[in-house]
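**Q**
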Amino acid sequence: MGRKRALSNPVESIRWADGTPALEKLLAQPGTLSVRGMNQGFEAEVTRIDTERDSFVLKRWNKDSNPDIGFQYRLLTALSQRGVAVPETLGWGIDASGHQALLTRYGGEPVTKANVGTMTALARILSAIHRIPVEAFGSVELPKYEMAAYFFPGIEAHPDLEQTLRQLVARIPETSDRLIHGDYHLQNIVERNGEYAVIDLTNGQAGDYRYDFAWAFVLGRIYVSDKLASAFRVAYLKENPIPPEELRLFEGIACLRWMLLHRRGGVPQGPRTLKKAREIVAALEGIVPKGLLD
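With the numbering used here applied, the sequence shown covers 187 to 480.
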């Protein structure tokens, strides 16, 4: 958390394309506000804004990424209206440097410590997202991509991974009739006073919920623990069952994505990370070749 400082209202520098009455109220806020930097992501600069009674988060995509923030604003608004645990949106627009910006109500800090209760709650939130059919979003048109092309860009430079991915994808028809988050893990969940909320819908799309769950489950096994990942799995499948053989195939696909990111140096690396990944691959014998992580 960055140092707090007094500053004139930073939302005044944004040219707002859309917003709610809460945004108008914040724009009219008299005097100065408390502003502090938050943990920065790879894609955007994140700032917390505090008034005497409330707190907000201003996220500006001023790095390499340039997602459609208007879509993300509309999607978050639609999810909130359906009772899904996401931060309340206030508005989106363009800053003075031409960067897209999104303003939400402060939902808390990323989850750093988890227990069975935490993982159960997060599984239920993801299950709730996956139970929403695409047609329920009405005028919010969800983008739709081919799974391998979207989540495995550049895999052609790794023929061993590409061959295995093609074999797995050919074994099971892909679906795209549900909303998926695209990168569901603890750093994309915030908590405040025991309440959780999902953030960063940059990869939100109409996709295959089985892959979305498998990616979250594999990340949980690698970076949290087998015990807590198992609790996540049990809670999710209780509400949204997936046939075991299908799940194993998608776990294999999720492992291949992790391997691709690992080869590029794009995954967190701890002293036991590779050991955990190898254990998962070993358990997927017949689906993912062991030698891919050597």
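Even glycine gets a Cβ: it sits at the ideal position worked out from N, Cα and C.
1) According to DSSP, W278 sits in a beta bridge with which residue or residues?
2) Taking just the CA atoms, how far does D398 sit from H316?
3) According to DSSP, A392 sits in a beta bridge with which residue or residues?
4) Just to confirm my understanding: we take E360, look at its own chain, exclude 5 residues before and 5 after, and list those with CB closer than 7 Å. What are they?
5) Beta-carbon separation of L276 and R291 under 8 Å?
6) Out of G324, F242, F337, T306, which has the shortest C-alpha to C-alpha gap to D369?
7) By the 10 Å Cβ neighbour count, where 16 or more other Cβ atoms means buried, how is A335 classified, buried or exposed?
8) Measure the alpha-carbon distance for S266 versus G477 and round it to whole angstroms.
9) According to the neighbour-count rule (16 or more other Cβ atoms, all chains shown, within 10 Å of its Cβ), is N301 buried or exposed?
10) Under 8 Å by Cβ, that's how I've got L244 and P207 pegged, so tell me the actual separation to the nearest angstrom.
11) Would you say the segment 414 to 430 touches the segment 318 to 328, given that touching needs at least three Cβ pairs under 8 Å?
12) Using only the alpha-carbon positions, how far apart do S283 and L209 sit?
13) Would you check if there are 3 or more beta carbon pairs closer than 8 Å linking the segment 401 to 413 to the segment 344 to 364?
14) Ordered along the chain, which non-local residues of its own chain (more than five positions away) have a Cβ less than 6 Å from that of G188?
15) Check S416 in the structure and name its three-state DSSP category.
16) Using alpha carbons as the reference points, say which of R201, E381, L372, I366 lies closest to Q391.
17) Could you tell me the boundaries of the alpha helix (DSSP H) in which E348 lies?
18) Going by DSSP in three states, S241 sits in which element: helix, strand or coil?
19) Decide yes or no for the touch test of the segment 459 to 467 against the segment 441 to 448: beta carbon pairs closer than 8 Å, at least 3 of them.
20) Less than 8 Å between the C-beta atoms of I408 and T459, yes or no?
21) Tell me the DSSP bridge mates of D236?
22) Give me the residue from Q455, P427, L261 with the minimum Cα distance to S325.
23) Determine the closest residue to L433 out of L479, R378, R357, with distance taken between C-alpha atoms.
24) Who are P296's beta bridge partners in DSSP?
25) Taking the alpha-carbon positions, what's the I439 to R352 distance?
26) According to DSSP, is P319 part of a helix, a strand, or is it coil?
27) Measuring only the C-alpha atoms, how far is F242 from D386?
28) If you follow the beta strand (DSSP E) that A230 is in, where does it begin and where does it stop?
29) How about P296 and T388: are their beta carbons less than 8 Å apart?
30) Alpha carbon to alpha carbon, how far is D412 from D281? Give it in angstroms, no decimals.
**A** Taking the coordinates as given:
1) D204, L288
2) 9 Å
3) K330, L365
4) M333, D394
5) yes
6) F337
7) exposed
8) 44 Å
9) exposed
10) About 18 Å; that fails the 8 Å criterion.
11) no
12) 21 Å
13) no
14) With a pLDDT of 45 at G188, under the threshold of 50, the modelled position of this residue cannot be trusted; read the value that follows with caution. Within the same chain, G188 has close Cβ partners R222, G223.
15) helix
16) I366
17) 345 to 356
18) strand
19) yes
20) yes
21) S220, S241
22) L261
23) R357
24) V376
25) 10 Å
26) strand
27) 15 Å
28) Looking at the DSSP string, A230 is not in any beta strand (DSSP E), and its letter there is neither H nor E.
29) no
30) 43 Å
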